[in-house]
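Asks:
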Amino acid sequence: MLQKLLDIEDNNMYLDDYLLKKKGISTFSDIEKANHQFELTDFLEYFKRNNLIKYIENEIENIKVEHIYKSHTHGINHNIKVMIYSLYLAHTLRLPSNDIDLLMNASKYHDTGRINDKEDDKHGLRSAEKTNEILGSSYTDINMLKAIMELHSIDDKKYAHNIAEKYNITDFNRFVTLYSVLKDADALDRIRLKYYNAYETGLDPSMLRLKQSRSLVKIAHQVNECFVKNTEKPNIILDTDIENEIDDKFALTYLLQSLHMFNLDAITIAPFYGSKYSTIKDNNIDNIGEGIDASYNTAIKIINLLNPSYKDKVFKGSTGVISNGYNGNSEAVEKIIEICNKNNKTQILCISALTNVAMAIKKDPSIVNKASVVWLGGNDFMYDKNDEFNFRQDISAVREVFSSGIDLTLIPCVNVGSILVTTEPELKSEISDVGEIGKYLYDEFCRCKPEETGKSKTIWDLSVIGYLVNPEWFEMRNVDAPGIGENGKYIFGNSSNSQMTVVTRIARDKVFKDFFQKVRMLELEKTTKDNEEKFL
Ligand SMILES: [Ca+2]
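Its first residue numbered 15, the sequence shown is counted upward by one per residue in the numbering used here.
1) For Arg491, count the other beta carbons within 10 Å of its own beta carbon; 16 or more makes it buried, fewer makes it exposed. Which is it?
2) Exposed or buried, Met158, counting other C-beta atoms within 10 Å across all chains shown (16 or more means buried)?
3) Counting only the same chain and skipping the five closest in sequence on each side, list residues whose C-beta sits under 6 angstroms from that of Lys548.
4) Return the first residue and the last residue of the alpha helix (DSSP H) that Lys442 is part of.
5) Based on the DSSP output, what are the partners of Glu133 in its beta bridges?
6) Could you pull out every unbroken beta strand (DSSP E) segment of at least 3 residues lying fully inside the region 389-445, listed in chain order?
7) Apart from the five residues just before and just after Asp421, which ones in its own chain have a Cβ nearer than 6 angstroms to its Cβ?
8) Compare the Cα-Cα distances from Ser272 to each of Leu390, Val242, Ile260 and Asn76 and report the closest residue.
9) Buried or exposed for Leu550, please, with buried defined as at least 16 other CB atoms from any protein chain shown within 10 angstroms of its CB.
10) Could you tell me the alpha carbon to alpha carbon distance between Leu320 and Tyr28, rounded to whole angstroms?
11) Going by alpha carbons, who is nearest to Asp131 out of Gly502, Ile498, Trp487 and Pro426?
12) How about Thr215 and Asp279: do their beta carbons lie closer than 8 angstroms?
13) I want to check one thing, is the minimum distance from the CB of Asn258 to the heavy atoms of ligand 1 below 7 angstroms?
14) So the beta strand (DSSP E) Ile362 belongs to, where does it begin and stop?
15) Who does Phe276 pair with in a DSSP beta bridge?
16) Mind pulling the alpha helix (DSSP H) runs of 4 or more residues that sit fully within the region 100-146?
17) To the nearest angstrom, how far is the alpha carbon of Phe121 from that of Ser512?
18) Between the C-alpha atoms of Ile251 and Ile362, what's the straight-line distance to the nearest angstrom?
19) Pull the bridge partners of Ile520 from the DSSP assignment, please.
20) Whose C-beta lies closer than 6 angstroms to the C-beta of His81 among residues of the same chain, with five residues either side of it excluded?
21) Per the contact definition of three or more C-beta pairs closer than 8 angstroms, is the region 449-458 in contact with the region 417-434?
22) Is Asp113 near ligand 1, in the sense that its beta carbon is under 7 angstroms from a heavy atom of that ligand?
23) With a threshold of 7 angstroms (Cβ to nearest heavy atom), would Ser446 be considered close to ligand 1?
24) Going by C-alpha to C-alpha distance, which of Phe506, Asp203, Leu207 and Lys208 sits closest to Ser227?
25) Comparing C-alpha positions only, which one of Asp21, Ile317 and Ser229 sits nearest to Ala48?
26) Taking Ser332 as the reference, give the member of Asp218, Lys349, Ser323 and Asn318 with the closest Cα.
27) Buried or exposed: which applies to Gln17, given that a residue is buried once 16 or more other Cβ atoms fall within 10 Å of its Cβ?
28) I need the straight-line Cα distance from Lys144 to Arg63, nearest angstrom please.
29) Exposed or buried, what is Thr369 when buried is set at 16 or more other beta-carbons lying within 10 Å of its beta-carbon?
30) Quick one: is the Cβ of Thr254 within less than 7 angstroms of any heavy atom of ligand 1?
31) Can you tell me whether DSSP reads Lys548 as helix, strand or coil?
32) Please name the residue, chosen from Tyr83, Gly392 and Glu246, that lies closest to Asn501 on a Cα-to-Cα basis.
33) Give me whichever residues DSSP pairs with Gly452 in a beta bridge.
34) Determine the closest residue to Ile365 out of Arg406, Phe416 and Ala284, with distance taken between C-alpha atoms.
35) Short check: CB of Leu34 to CB of Ala234, under 8 angstroms?
36) Output the distance between the C-alpha atoms of Gly468 and Thr437, rounded to the nearest integer angstrom.
Encoded structure:
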């Protein structure tokens, strides 16, 4: 990753996020504007000129990774970015080599006490408590190291003196310098928390303590972007019956606007019949092939509006359902098997009947160890009726997937997914004016919306994409996968099936806020492109 940064010869590389935010609601503070923003090439040149490259490469290589908290947010990549900023700040402050060494250790291990990615002011204390185990109790200056680690997750203005006293710190000025470097380096990487959210930035530059740090805001955007674009992203497949309802169209839009987070390997088209929203006349079990063709065309239409480079990744799926004796071949099923075998891990996002996934498992059972499935289907376990659309389309497919042992997350429809409602006035004000796609989604909603004033409509399929974007918006629990009776009812307690995860609650507003912002990003991307030269 460091090499990717060092290969940069052009200041404009990795500027997308910074430019987007400039063109968004511009939350940059006066402090950032008042401080000259360094260029990335100059920043890297500083490292080269002062022989810091070999030093930091060596430090990165020596990270004891077994202690690092495993997370996209507070894991190894965050630690490395904090090391880069700490080293720069310490060096420009002309700190002695033992202080630089101490800051490298603090940067590496300050989040080892994390137990989740949420706000948690106690994790600094837990990290400090792990220091002996990681570095050995004979580490020189271990008290100073523990002190700055504990203070990094709490308010320094309030607690610096208490912490200094707790760890018997005698040189208070040195303590202030060291914790200021660590806290600023950590804060600079707060950029990652709102990456690609055009309306917010995760960093408030007015919180930075050191003048040197305040000139690194632009660079922090670029360094983070380099990491995001070059790290391994989750591989995903979207399995959708997009022409059956309007919610798949919202979901595909949301996914295509979130691709900075994922590798989208394929969009597979799933069967459907008996849909009341489809434009296909007499949509029944005998003309599933017609639905597959219509869904394929709709997926291509949306892809062409948003990201035409994905149009070769759409594959037509099963033209029948297993419950009705279907056992044919399809491009989609072959592709699911091929992709699962190619990747270490693949996440299949299923917003339709489970036929394609079940067929892939039947044809190559080994994929259950290489893939996970997130499925919107069935109803809340406590709700009597389970005749939900995705479920009842192909109960045999549900039975196949539930009993396969594949890593499965279920988002039930009634009582869970059902919270994802929106209304015509909301869509009108949020997205109807955003290019062709905004108008298309709004028109589709109006075509299908209930007629009475005050009524809403659920955009079910957004749930699965939202779950992938940020699982923290979802509450869930692990349960034994239930059996499935002949009538489709769940059978609890007498099943030898494996465990599965069931979502129990969705933070509706967080999902819709993110969805709306990502659609509106299209406007900003266009404005940014138009004005890029002027801005630069
Ligand atoms: Ca669907």
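We put the CB at the ideal spot given by N, CA and C, even for glycine. In this text, all values refer to a predicted model and were calculated from it rather than measured experimentally.
Replies: Answer, in terms of the structure:
1) Taking the first residue of the sequence shown as 1, we reach residue 491 at position 477. Under this definition Arg491 is an exposed residue.
2) Indexing the sequence shown from 1 puts residue 158 at position 144. With 16 or more Cβ atoms within 10 Å of its Cβ, Met158 is classed as buried.
3) Along the sequence shown, read from residue 1 onward, the residue named residue 548 stands at position 534. In this prediction, Lys548 has a pLDDT of 49, which is less than 50 and means its spatial position is unreliable; what the coordinates show is noted afterwards. If we look at Lys548 and ignore the five residues flanking it on each side, it has no Cβ neighbours.
4) Counted from its first residue, the sequence shown places residue 442 at position 428. Segment Glu438 to Glu444, the alpha helix (DSSP H) holding Lys442.
5) Along the sequence shown, one-based indexing puts residue 133 at 119. Bridge partners of Glu133: none, in fact.
6) 421-425
7) Translated into positions along the sequence shown, residue 421 becomes position 407. Excluding positions up to five away in sequence, the list reads Ser386.
8) As a position in the sequence shown, residue 272 is number 258, starting the count at 1. Checking every option, the nearest Cα to that of Ser272 belongs to Val242.
9) Your numbering for residue 550 matches position 536 in the sequence shown. The predicted position of Leu550 is uncertain, since its pLDDT is 43 and thus under 50; no value can be drawn from it.
10) Position 306 of the sequence shown, counted from the start, is the residue given in the question as residue 320. Position 14 of the sequence shown, counted from the start, is the residue given in the question as residue 28. Each residue's alpha carbon lies about 21 angstroms from the other.
11) The count along the sequence shown starts at 1 and reaches residue 131 at position 117. Out of Gly502, Ile498, Trp487 and Pro426, Trp487 has the C-alpha closest to the C-alpha of Asp131.
12) Translated into the one-based positions of the sequence shown, residue 215 becomes position 201. Translated into the one-based positions of the sequence shown, residue 279 becomes position 265. No, Cβ-Cβ distance for Thr215 and Asp279 is not below 8 angstroms.
13) Stepping through the sequence shown from its first residue, residue 258 is reached at position 244. Correct: Asn258 has its Cβ closer than 7 angstroms to ligand 1.
14) In the sequence shown, residue 362 corresponds to position 348, counting from 1. Note, Ile362: beta strand (DSSP E), Thr360 to Ile365.
15) Locating residue 276 in the sequence shown gives position 262, where the first residue counts as 1. Phe276 pairs with nothing; no bridge assigned.
16) 111-123
17) Numbered from 1 along the sequence shown, position 107 holds the residue referred to as residue 121. Numbered from 1 along the sequence shown, position 498 holds the residue referred to as residue 512. Correcting the residue type first, residue 121 is Ser in the shown sequence and not Phe. Those two C-alpha atoms are separated by around 40 angstroms.
18) Taking the first residue of the sequence shown as position 1, residue 251 is located at position 237. Taking the first residue of the sequence shown as position 1, residue 362 is located at position 348. Ile251 and Ile362: Cα-Cα distance of roughly 5 angstroms.
19) Against the sequence shown, residue 520 aligns to sequence position 506. Bridge partners of Ile520: Phe488.
20) To locate residue 81, count along the sequence shown from 1; it is residue 67. For His81, where only same-chain residues beyond five positions count, the Cβ hits under 6 angstroms are Thr126 and Ile148.
21) no
22) As a position in the sequence shown, residue 113 is number 99, starting the count at 1. No.
23) The residue labelled residue 446 in the question sits at position 432 within the sequence shown. No, the beta carbon of Ser446 sits no closer than 7 angstroms to any heavy atom of ligand 1.
24) Numbered from 1 along the sequence shown, position 213 holds the residue referred to as residue 227. Answer by Cα proximity: Asp203.
25) Residue mapping note: residue 48 aligns to position 34 of the sequence shown, counting from 1. Selected option, being the one with the closest Cα: Ser229.
26) Position 318 of the sequence shown, counted from the start, is the residue given in the question as residue 332. Comparing Cα positions, the closest option is Lys349.
27) For the purposes of this step, residue 17 is taken as the residue at position 3 of the sequence shown. Exposed.
28) Position 130 of the sequence shown holds residue 144. Position 49 of the sequence shown holds residue 63. Near 35 angstroms, if we compare the C-alpha coordinates of Arg63 and Lys144.
29) Counting from one through the sequence shown, the residue named residue 369 turns up at place 355. That one is buried.
30) Along the sequence shown, one-based indexing puts residue 254 at 240. Yes, the Cβ of Thr254 comes within 7 angstroms of a heavy atom of ligand 1.
31) Counted from its first residue, the sequence shown places residue 548 at position 534. Its pLDDT being 49, under 50, Lys548 is placed unreliably by the model, and the measurement read from it follows with that caveat. Three-state DSSP puts Lys548 in a helix.
32) One-based indexing of the sequence shown puts residue 501 at position 487. Nearest option by C-alpha distance: Gly392.
33) For this step, residue 452 is matched to residue 438 along the sequence shown. Its beta-bridge partners do not exist; DSSP assigns none.
34) Counted from its first residue, the sequence shown places residue 365 at position 351. Nearest option by C-alpha distance: Ala284.
35) For the purposes of this step, residue 34 is taken as residue 20 along the sequence shown, with counting starting at 1. For the purposes of this step, residue 234 is taken as residue 220 along the sequence shown, with counting starting at 1. Not closer than 8 angstroms, so no.
36) As a first step, residue 468 is located in the sequence shown; it is residue number 454 there, counting from the start. As a first step, residue 437 is located in the sequence shown; it is residue number 423 there, counting from the start. Spanning the two alpha carbons is a distance of roughly 8 angstroms.
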